[in-house]
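Colleague: At the far end of the sequence shown sits residue 1256, using this note's numbering, and the numbering has no gaps.
Pasting in a structure now, in structure tokens, and then I'll have a few things to ask.
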Amino acid sequence: MKLKAAAEHLEWVLQQYPGVNDVSHLYDALRPLIEDAKNGRVSRPIDRQEMPCRYLKSEGVYQPYENPDVEDAYVCFSIEMEGGLTEEDREINSIIEGIRKTTKRDHKS
């Protein structure tokens, strides 16, 4: 269910940027995967290297498109297409979130 929700969200986000070439290219490249995810046709996780446009995301091409956030939606969808977060990923995210909260609190003092 997370995969379908991530696919629907990514599709909605991408549709908010009509006429923006970078985003249109991403949408065209991902459309088959989005459709498969929305229709329950993804039977196995894909390898990270199989995810279309990953290199463009790494180069920051989608960073300017923040409202709604193309990069965040892409990352969430990619994670789900790759099988979701592992327990180790969750632990790392928890540690990072704890550091962020501490840093914010220290800056307010």
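We put the CB at the ideal spot given by N, CA and C, even for glycine.
Remember, predicted model here, so these are calculated numbers, not experimental data.
1. Could you check what DSSP says for glutamate 1206 in three-state terms: helix, strand or coil?
2. Just checking serine 1205 against the ligand FMN - is the residue's beta carbon closer than 7 Å to any of the ligand's heavy atoms?
3. Report the option in Lys1204, Arg1195, Gly1166 and Tyr1209 whose CA atom is closest to the CA atom of leucine 1232.
4. Would you decide whether glutamate 1206 is buried or exposed? Buried here means 16 or more other CB atoms lie within 10 Å of its CB.
5. What residue range does the alpha helix (DSSP H) around serine 1190 cover?
6. Given a cut-off of 8 Å, decide if alanine 1176 and lysine 1151 are closer than it, judged by their beta-carbon atoms.
7. Note down, in chain order, each residue of its chain lying with its Cβ closer than 6 Å to the Cβ of tryptophan 1159, except the 5 sequence neighbours on either side.
8. Under the three-state reduction of DSSP, which class applies to glutamate 1218: helix, strand or coil?
9. Give me the Cα-Cα distance between isoleucine 1242 and aspartate 1236, rounded to the nearest whole angstrom.
10. Who does glutamate 1213 pair with in a DSSP beta bridge?
11. How big is the Cα-Cα spacing for asparagine 1168 and glutamine 1162?
Modeller: Quick look at the numbers:
1. coil
2. In the structure on display, the ligand FMN does not appear, and there are no ligands present to speak of.
3. Arg1195
4. exposed
5. No alpha helix (DSSP H) contains serine 1190, which DSSP labels as neither H nor E.
6. no
7. none
8. helix
9. 10 Å
10. Asp1216
11. 12 Å
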